[in-house]
Amino acid sequence: MSADKLAVDPQELQAAAHRLDQLAARLHGALETAEHQTKVASAGQDEVSVRAAQTFNTVATSVDTDTGAAVLELRKIAAVLRSQAKTYGNTEDANTQAFLA
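Going by UniProt numbering, the first residue of the sequence shown is number 1, and it counts up by one from there.
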């Protein structure tokens, strides 16, 4: 592709969307698997142990939340790619039909 041209392949957009959906599914699965494993109990009742466990659990919750948001964003991007592929394909078909008429 030269610098002054844009080439769009709707099938490639669909394939990219599919790969993003697969990535989102894997990330979501990993999040569900790890979610219960990332919470820790305090090693003792002393202030340091309690605070360390609270801090770790706060960070783990934040990571879970952010990872969930990342999964949603990947799915939204995939949906946009699918929509754009469909729109582009429909426009190309209409233009071709108009040209051939």
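The beta carbon of each residue, even a glycine, is placed where N, CA and C say it ideally should be.
All of these numbers come straight from a predicted model, not from anything done at the bench.
Looking at the structure shown, is residue i part of a helix, part of a strand, or coil, going by DSSP?
i           : result
residue 124 : Residue 124 lies beyond the stretch modelled for the chain, which goes from 1 to 101, so this question has no answer here.
Gly44       : coil
His28       : helix
Leu13       : helix
Thr65       : helix
Leu100      : helix
Val8        : coil
Thr38       : coil
Ala3        : coil
So is residue i buried or exposed if we call it buried at 16+ other beta carbons inside 10 Å?
i     : result
Ala43 : exposed
Leu13 : buried
Ala7  : exposed
Ala3  : exposed
| task | Could you tell me whether the region 62-82 touches the region 28-36, where touching means 3 or more Cβ pairs closer than 8 angstroms? | result | Output reads yes: the region 28-36 touches the region 62-82.
| If we count Cβ pairs, one from each stretch, closer than 8 angstroms, do we get three or more for the region 54-61 versus the region 72-80? | Fewer than three beta-carbon pairs drawn from the region 54-61 and the region 72-80 are found closer than 8 angstroms, and the two stretches are therefore not classed as touching.
| query | Is the number of C-beta pairs between the region 14-24 and the region 78-89 that are closer than 8 angstroms three or more? | reply | Touching, per the Cβ criterion.
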